Amino acid sequence: MAPDDLPLPPLSGPDVVVIGRRLLHYPSVTSTQDVARDAGRSGEPEGLVVTAGQQTAGRGRLGRRWEAPPGSSLLLSVLLRPSPQAFPLISMAAGLATCLAIEDVTGLAARLKWPNDVLVHDRKVAGLLVESEALGESLDFAVLGIGVNVNLDPRDLGAVAYPAGSLSAEAGRPVDRTALARSLIAHLDRQYRLAGDGNAVLAGWKQRLATLGQRVQVFAGDVLEEGFAEDVDSGGALLLRRDDGALVRLPAGEVTSHPPGAD
Ligand code: BT5
Numbered sequence: 011m012a013p014d015d016l017p018l019p020p021l022s023g024p025d026v027v028v029i030g031r032r033l034l035h036y037p038s039v040t041s042t043q044d045v046a047r048d049a050g051r052s053g054e055p056e057g058l059v060v061t062a063g064q065q066t067a068g069r070g071r072l073g074r075r076w077e078a079p080p081g082s083s084l085l086l087s088v089l090l091r092p093s094p095q096a097f098p099l100i101s102m103a104a105g106l107a108t109c110l111a112i113e114d115v116t117g118l119a120a121r122l123k124w125p126n127d128v129l130v131h132d133r134k135v136a137g138l139l140v141e142s143e144a145l146g147e148s149l150d151f152a153v154l155g156i157g158v159n160v161n162l163d164p165r166d167l168g169a170v171a172y173p174a175g176s177l178s179a180e181a182g183r184p185v186d187r188t189a190l191a192r193s194l195i196a197h198l199d200r201q202y203r204l205a206g207d208g209n210a211v212l213a214g215w216k217q218r219l220a221t222l223g224q225r226v227q228v229f230a231g232d233v234l235e236e237g238f239a240e241d242v243d244s245g246g247a248l249l250l251r252r253d254d255g256a257l258v259r260l261p262a263g264e265v266t267s268h269p270p271g272a273d
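In the numbering used here, each residue's number is its place in the sequence shown (first place is 1) plus 10.
Shown next as structure tokens:
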């Protein structure tokens with residue numbers, strides 16, 4: 011395993027406009043999301059990046075756990091204060107940026123499983139989470155969380171819903187976490203600024219969606235939908251063609267790993 015090579019040295023230069031203007035690193039925290047959220051509540055400007063060597067309560071969506079053996083992963087949260095137009099695009103911008111950073115640093119091709127799991131060789135190597143807080147009627151801030159399995163043996167993770175992978179396992183060599191963090195922050199900064207122009211981010215995200223054109227089963231809330239993943243709309247919702255011909259719009263959900271009939 012690579013040594014604990016974070017924190018990053020301060021970032022500067024033309025690559026850093028918003029995201030990465032301030033960096034905080036913790037050897038151990040409950041969740042980098044908590045630190046960025048507390049900073050948001052205290053009025054911190056957007057762009058703060060929080061990283062950690064270890065999380066004692068790393069989380070995924072819907073209260074699920076995010077596993078990361080100490081020192082093995084890139085665990086990062088970003089405080090953002092997006093416009094209402096840019097908010098729905100954060101998660102797409104982040105998925106795209108994560109794929110680009112993985113490709114830059116490892117040469118591995120990265121794709122996305124709708125809505126936003128990052129896959130290499132069809133194994134989940136990174137997960138994304140967007141949490142937000144409102145002030146009255148309007149959005150106060152959002153916290154984007156990204157966890158990347160960098161140098162770990164996926165068999166060391168607990169039970170996972172979808173087959174997990176890591177960059178080191180897929181590349182067959184250790185991966186430089188600092189280089190990955192730098193590249194990810196630069197790509198995030200660029201994609202976040204592009205989020206003002208929704209079309210560019212949507213097009214890049216959609217191009218990487220491995221789910222499209224496949225027959226899938228999707229858990230949307232309590233309902234299991236099955237059909238052909240035809241397209242996504244401008245908000246990122248999945249447009250699924252049922253066997254009866256109806257087109258259903260799924261704003262969120264979970265694509266299962268098993269094709270229908272397989273077990
Ligand atoms: C996610 O949730 O994939 C979002 C994960 C976000 C983690 C980052 S780390 C930095 C920041 N701080 C935090 O506390 N969180 C963010 P979701 O789609 O709900 O997937 C969670 C599910 O993925 C779990 O229920 C497991 O089945 C599986 N899982 C857990 N750890 C994993 C790992 N390291 N690799 C692959 N799959 C994992």
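Where a beta carbon is used, it is the ideal one built from N, C-alpha and C, also for glycine.
Since this is a predicted model, take the numbers as computed values, not measurements.
Between residue 207 and residue 65, the alpha-carbon positions lie close to 34 Å from each other.
Using a C-beta cut-off of 8 Å, the stretch 52 to 59 makes contact with the stretch 23 to 43, since at least three inter-stretch Cβ pairs fall below that distance. Membership of residue 159 in the beta strand (DSSP E) is indicated by the continuous run 148 to 159.
Leaving aside the five residues that flank residue 173 on each side, the residues in its chain whose CB is nearer than 6 Å to its CB run, in chain order, 133. A straight-line Cα-Cα distance of about 23 Å links residue 95 and residue 43.
Around residue 197, the same chain offers 107, 110, 111 as residues with beta carbons nearer than 6 Å, after the five sequence neighbours per side are excluded. Counting only runs that start and end inside the stretch 19 to 71, the alpha helix (DSSP H) elements of at least 4 residues fall at 42 to 51.
In the three-state reduction of the DSSP assignment, residue 241 falls in the strand class, which pools E and B. About 7 Å separates the CB atoms of residue 162 and residue 83; that is less than 8 Å, so the two are in contact. Taking all protein chains shown into account, residue 159 has 16 or more neighbouring C-beta atoms within 10 Å of its C-beta and is therefore buried. Taking residue 253 as the centre and dropping the five residues before and after it, the same chain places the C-beta of 236, 237 closer than 8 Å to its C-beta, in chain order. For residue 134, the pairing in a beta bridge is given by DSSP as 129, 174.
Not one heavy atom of the ligand BT5 is found less than 6 Å from the C-beta of residue 64. Each residue's CA atom was taken as its position, placing residue 63 and residue 256 some 47 Å apart.
For residue 187, the three-state secondary structure derived from DSSP is helix.
In the pairwise beta carbon analysis, the stretch 174 to 192 is classified as not touching the stretch 211 to 231: fewer than three pairs are separated by under 8 Å. If you check the CB distance, residue 143 and residue 150 come in under 7 Å. Checking the DSSP bridge columns, you'll see residue 226 partnered with 237.
For residue 77, the secondary structure class from DSSP, reduced to helix, strand or coil, is coil.
If you ignore the 5 residues before and after residue 113, its C-beta comes within less than 7 Å of the C-beta of 119, 120, all in its own chain and listed in chain order. The ligand BT5 has no heavy atom closer than 6 Å to the beta-carbon of residue 209. Residue 250: member of the beta strand (DSSP E) spanning 248 to 251, first to last residue. Taking C-beta atoms as the reference points, residue 248 and residue 260 count as a pair closer than 7 Å.
Closer than 6 Å to some heavy atom of the ligand BT5: that does not describe the Cβ of residue 81.
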